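With our numbering, the residue at position 122 of the sequence shown is 149, and numbering never jumps. Since the structure comes first, as structure tokens, the remarks are kept for the end.
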Amino acid sequence: MIRIDKLLANMGYGSRKEVKPLFKKGKVFVNDQIVKDPSIKVDPEKEKVQVDGQEVEYKPYIYVMMNKPKGVICATHDKLHRTVIDLLDEDLQSIYAPFPVGRLDKDTEGLLLLTNDGDFSHALMSPRKHVTKQYWAKIRGRVNEEDQKAFREGVKLDDGYMTKPGELVIVDSNETSEILLTISEGKFHQVKRMFLARDKEVTELKRLKVGALELDSNLKLGDYRELTEQEKQLLVGKR
Ligand code: URA
Numbered sequence: 028m029i030r031i032d033k034l035l036a037n038m039g040y041g042s043r044k045e046v047k048p049l050f051k052k053g054k055v056f057v058n059d060q061i062v063k064d065p066s067i068k069v070d071p072e073k074e075k076v077q078v079d080g081q082e083v084e085y086k087p088y089i090y091v092m093m094n095k096p097k098g099v100i101c102a103t104h105d106k107l108h109r110t111v112i113d114l115l116d117e118d119l120q121s122i123y124a125p126f127p128v129g130r131l132d133k134d135t136e137g138l139l140l141l142t143n144d145g146d147f148s149h150a151l152m153s154p155r156k157h158v159t160k161q162y163w164a165k166i167r168g169r170v171n172e173e174d175q176k177a178f179r180e181g182v183k184l185d186d187g188y189m190t191k192p193g194e195l196v197i198v199d200s201n202e203t204s205e206i207l208l209t210i211s212e213g214k215f216h217q218v219k220r221m222f223l224a225r226d227k228e229v230t231e232l233k234r235l236k237v238g239a240l241e242l243d244s245n246l247k248l249g250d251y252r253e254l255t256e257q258e259k260q261l262l263v264g265k266r
């Protein structure tokens, strides 16, 4: 059950403040009964909600882009740690039950997608789809052309796995270096382990891009917003 003003706000009728006049003007109906109180609760899956004679179409899926901060883990529940789900509005959590698409480490920041659409998640996560991810990182040590060449050819991780080619751009090479790395797979701790394979340590890591979708630079750490239809299509095409 959700407050009806919140439901209308979630379905794109404006902010909660903006939808208030719709109630005053007698434009909102639930099961053909006029509703003047914006605080009543409805079950959007079972009850018919209308605004201005138009049925409010309840959308079953949600697609969210978050700028994940450090210190929260990519899980839906955890007894010990705060999760990325805890950062979402409670109604959004209870209506949609979203989950993170893949994982970023606890100390990694940046672009994280959340959804309750399993097909969407699978389309992005399946190793066969080769969706690229771009990371920015700070590295202890001088990153050089040899690292670039090694990543281009694939490096052997600590468990013997040979990575697919990665494209390494050196932004700054010094005692601490800054790099951009684009990879097309997502093994556990992949970026950190790729650098370890070169005897270098990642000290900061942020994901900037998934496929063609860039992190919205207006999102502060911990903030999130829904994807636009175009952004969704950018990721998985028209479905
Ligand atoms: N690679 C890592 O090592 N950590 C992440 O969080 C993402 C990619």
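For every residue, glycine included, the Cβ atom is placed at its ideal position computed from N, Cα and C. Given the structure is predicted, the values throughout are model-derived calculations rather than measurements.
Please list, in chain order, all residues of the same chain as residue i whose beta carbon is under 6 angstroms from its beta carbon, the five residues on each side excluded.
i	result
proline 21	Within the shown structure, residues of the chain are numbered from 28 to 266, placing residue 21 beyond reach of any answer.
threonine 230	Lys165, Arg167
phenylalanine 126	Thr103
leucine 34	Pro71
phenylalanine 50	Lys63, Pro65
Beta carbon of residue i, beta carbon of residue j: below 7 angstroms?
i	j	result
asparagine 94	tyrosine 123	no
leucine 138	leucine 242	yes
leucine 207	valine 218	no
lysine 68	arginine 43	no
isoleucine 100	lysine 133	yes
arginine 19	tyrosine 162	Because the chain spans 28 through 266 in this model, residue 19 falls outside it and cannot be assessed.
lysine 247	tyrosine 90	no
valine 83	methionine 38	yes
leucine 184	arginine 155	no
lysine 200	valine 158	It should be pointed out that residue 200 corresponds to serine in this sequence rather than to lysine. Cβ distance not < 7 angstroms, so serine 200 and valine 158 don't count as in contact.
Starting from the Cα of residue i, find the closest Cα among the options and give me that residue.
i	options	result
proline 65	Arg220, Met92, Asp32	Asp32
arginine 130	Leu114, Asp118, Thr110	Thr110
lysine 86	Glu45, Met221, Asp70, Glu172	Asp70
methionine 28	Glu136, Arg220, Ser121, Lys259	Ser121
lysine 97	Ser200, Asp250, Gly238, Arg225	Asp250
methionine 88	Leu141, Leu246, Glu228	Looking at the sequence provided, one finds tyrosine at residue 88 rather than methionine. For tyrosine 88, the nearest C-alpha among the options comes from Leu141.
glycine 238	Ala150, Thr135, Glu136, His216	Ala150
lysine 227	Glu173, Phe215, Leu240, Tyr188	Glu173
serine 148	Leu114, Leu119, Met92	Met92
histidine 216	Thr203, Arg252, Glu205, Tyr188	Tyr188
aspartate 79	Ile197, His108, Pro48, Leu119	Pro48
leucine 223	Leu254, Lys236, Thr190	Thr190
serine 211	Glu202, Leu115, Lys236	Lys236
Over the uninterrupted beta strand (DSSP E) stretch that includes residue i, give me the two end residues.
i	result
aspartate 199	194 to 199
isoleucine 166	160 to 167
methionine 93	90 to 95
arginine 109	That residue, arginine 109, is in no beta strand (DSSP E); it is neither H nor E in DSSP.
valine 263	No beta strand (DSSP E) holds valine 263; the alpha helix (DSSP H) holding it covers 256 to 263.
lysine 73	Here lysine 73 belongs to no beta strand (DSSP E), and DSSP marks it neither H nor E.
leucine 34	Segment 31 to 37 is the alpha helix (DSSP H) holding leucine 34; no beta strand (DSSP E) there.
threonine 230	228 to 237
arginine 155	Taken as a continuous stretch (DSSP letters only), arginine 155 belongs to no beta strand (DSSP E), as it is neither H nor E.
arginine 130	That residue, arginine 130, is in no beta strand (DSSP E); it is neither H nor E in DSSP.
glutamate 253	251 to 253
valine 62	Unbroken run through valine 62: none, as it is neither H nor E.
Leaving aside the five residues before and after residue i along the sequence, list all residues of the same chain whose C-beta is less than 7 angstroms from its C-beta, in chain order.
i	result
glycine 213	Gly129, Lys160
alanine 36	Ser42, Arg43, Val46
leucine 240	Glu258, Leu261, Leu262
leucine 195	Asp174, Gln175, Phe178, Ile206, Leu208
valine 198	Glu205, Ile206, Leu207
Go to residue i, then tell me how far its alpha helix (DSSP H) extends in each direction, as first and last residue.
i	result
serine 148	145 to 152
isoleucine 210	Taken as a continuous stretch (DSSP letters only), isoleucine 210 belongs to no alpha helix (DSSP H), being part of the beta strand (DSSP E) at 203 to 210.
lysine 219	217 to 223
glutamate 117	117 to 123
lysine 47	43 to 51
glutamate 173	172 to 180
Identify, in the order they occur along the chain, each residue of the same chain with its Cβ nearer than 8 angstroms to the Cβ of residue i, setting aside the five sequence neighbours on each side.
i	result
isoleucine 61	Gly53, Val55
arginine 252	Val91, Met92, Asp243, Leu246
Query raised in the report: Do the segment 51 to 60 and the segment 72 to 79 touch if we need at least three Cβ pairs shorter than 8 angstroms?
Result: The segment 51 to 60, when compared against the segment 72 to 79, does touch it at the 8 angstroms Cβ threshold.
**Report entry** Contact the segment 251 to 265 vs the segment 161 to 171: 3+ CB pairs below 8 angstroms
**Finding:** Short answer: they don't touch.
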